[in-house]
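**Q** So the working numbering is basically just the index in the sequence shown, starting at one, shifted up by 15.
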Amino acid sequence: MKKYHITFLLAVFFMFINAFSLEKPEKRMFSLSITDETSFFNYYYNIFNEQENILLTKDFMFHAEHLLLDYSLAYSEEKYLYNMLDSLLDIMIEQTRTSLSQVKSGNLNESYQIALAYLSVSKKCLFEDYSPDISIKERVISELQLIERAEGFTESNIFHKKEDYSQYKPRGHYTRSEMLKRYFKSMMYLMRMRFSIELRNEKDPQTELRAALIVGNSLRNSKTAMNLYKKMNEVISVLLPQEDDLRITEL
């Protein structure tokens, strides 16, 4: 019995080996070949048109799903999210600028300067021609230079901490166009820069905490800005997995 069992296994093994060939296949055998085709879909489509047998593996389906989401996100960002972010920043910057003009306290003034610089950096990432306020222009320009160099951990010119500026180098589908590159840097800055609740070894430890509240108020105090934020969040939430961080609408 054992002898027949081994014979059967050897027969199956050789049948499996013979099913593959580096030459043109005969009947329903498999073949391995190299192609210059760069598109997954075009390659399968050409084989289909030649009326060849096709073996569809699950990696093709996963790859197709990934590309669908990737192109959908890129289209949404260029067609809608870019302009929505631009409008949102305009409103928040104007709100912050107006409030800053009414502030006399030195400590509170610095918090407003940080909030305005934070928003202005993101705005200038979108539009190089944007001119920030004179009071914060030097800090904004210096921060933009760090973003463009993308060389790694460096002390921020606005926040009291080091930031990994290598993260601002566009990657993935964000390399396909200048618009997507600018959008990537702008959104990355808004998401990555953190406002500390308390700063150590500083004369005014709550400077950044107040700045965070100022940014939040510039959004909450404008119905138009809040609606833009919600619309952006709805689009992004459909195409990307939810983050663990609380959103301003949840606070």
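Ideal placement from N, C-alpha and C gives every residue a C-beta, glycine not left out. Everything numeric in this text was worked out from a predicted model, so none of it was measured.
Between the segment 49-67 and the segment 98-111, can you find at least three pairs of beta-carbon atoms closer than 8 Å?
**A** no
**Q** As an exercise, report each continuous alpha helix (DSSP H) stretch of at least 4 residues that is fully enclosed by the segment 61-149, in chain order.
**A** Scanning the segment 61-149 from its first residue to its last, the whole alpha helix (DSSP H) runs of 4-plus residues come out as 73-91, 97-115 and 121-141.
**Q** Helix or strand or just coil, what does DSSP make of Glu170?
**A** Here residue 170 is taken as the residue at index 155 of the sequence shown, counted from 1. DSSP places Glu170 in strand when its eight states are reduced to three.
**Q** Evaluate Ser252 with the Cβ neighbour count: other Cβ atoms within 10 Å of its Cβ, from every protein chain shown; 16 or more gives buried, anything less gives exposed.
**A** In the sequence shown, the residue the question calls residue 252 occupies position 237. When all chains shown are included, Ser252 counts as exposed.
**Q** To the nearest angstrom, how far is the alpha carbon of Lys177 from that of Glu213?
**A** As a first step, residue 177 is located in the sequence shown; it is residue number 162 there, counting from the start. As a first step, residue 213 is located in the sequence shown; it is residue number 198 there, counting from the start. Whole-angstrom Cα-Cα distance: 16 Å.
**Q** Looking at the secondary structure, which residues open and close the alpha helix (DSSP H) in which Lys238 lies?
**A** Walking along the sequence shown from the start, residue 238 turns up at place 223. Looking at the DSSP string, the run of the alpha helix (DSSP H) that includes Lys238 is Lys238 to Leu254.
**Q** Using the beta-carbon count (16 or more within 10 Å), is Ser36 buried or exposed?
**A** Numbered from its first residue, the sequence shown carries residue 36 at position 21. At Ser36, the pLDDT of 46 sits below 50, so the modelled position is not reliable; the number obtained from the coordinates is stated separately. Burial call: exposed.
**Q** Taking C-alpha atoms, which residue in Ala89, Ser116, Ser137 and Phe77 lies nearest to Leu255?
**A** On the sequence shown, position 240 is the one that residue 255 refers to. The shortest Cα separation from Leu255 among Ala89, Ser116, Ser137 and Phe77 belongs to Ala89.
**Q** In chain order, what residues of the same chain lie with their CB nearer than 7 Å to the CB of Ala13, ignoring the 5 residues before and after it?
**A** Summary: the structure shown does not reach residue 13, with the chain confined to residues 16 through 266, and so no result is reported for it.
**Q** Which residue comes first and which comes last in the alpha helix (DSSP H) that contains Lys176?
**A** In the sequence shown, the residue the question calls residue 176 occupies position 161. Careful: Lys176 lies outside any alpha helix (DSSP H) and carries neither H nor E.
**Q** Starting from Ala226, follow the alpha helix (DSSP H) in both directions and report where the run begins and ends.
**A** Counted from its first residue, the sequence shown places residue 226 at position 211. Unbroken alpha helix (DSSP H) run through Ala226: Thr222 to Arg235.
**Q** Taking the alpha-carbon positions, what's the Asp144 to Asn98 distance?
**A** In the sequence shown, the residue the question calls residue 144 occupies position 129. In the sequence shown, the residue the question calls residue 98 occupies position 83. For Asp144 and Asn98, the distance between alpha carbons rounds to 16 Å.
**Q** Return the Cβ separation of Met194 and Glu125 in integer angstroms, given the expectation that the two are a contact with Cβ distance under 8 Å.
**A** For the purposes of this step, residue 194 is identified with residue 179 of the sequence shown, where counting begins at 1. For the purposes of this step, residue 125 is identified with residue 110 of the sequence shown, where counting begins at 1. That pair is no contact at about 34 Å.
**Q** Report buried or exposed for Tyr189, applying the criterion of at least 16 other Cβ atoms within 10 angstroms of its Cβ.
**A** On the sequence shown, residue 189 is found 174 positions in, with the first residue counted as 1. Tyr189 comes out buried.
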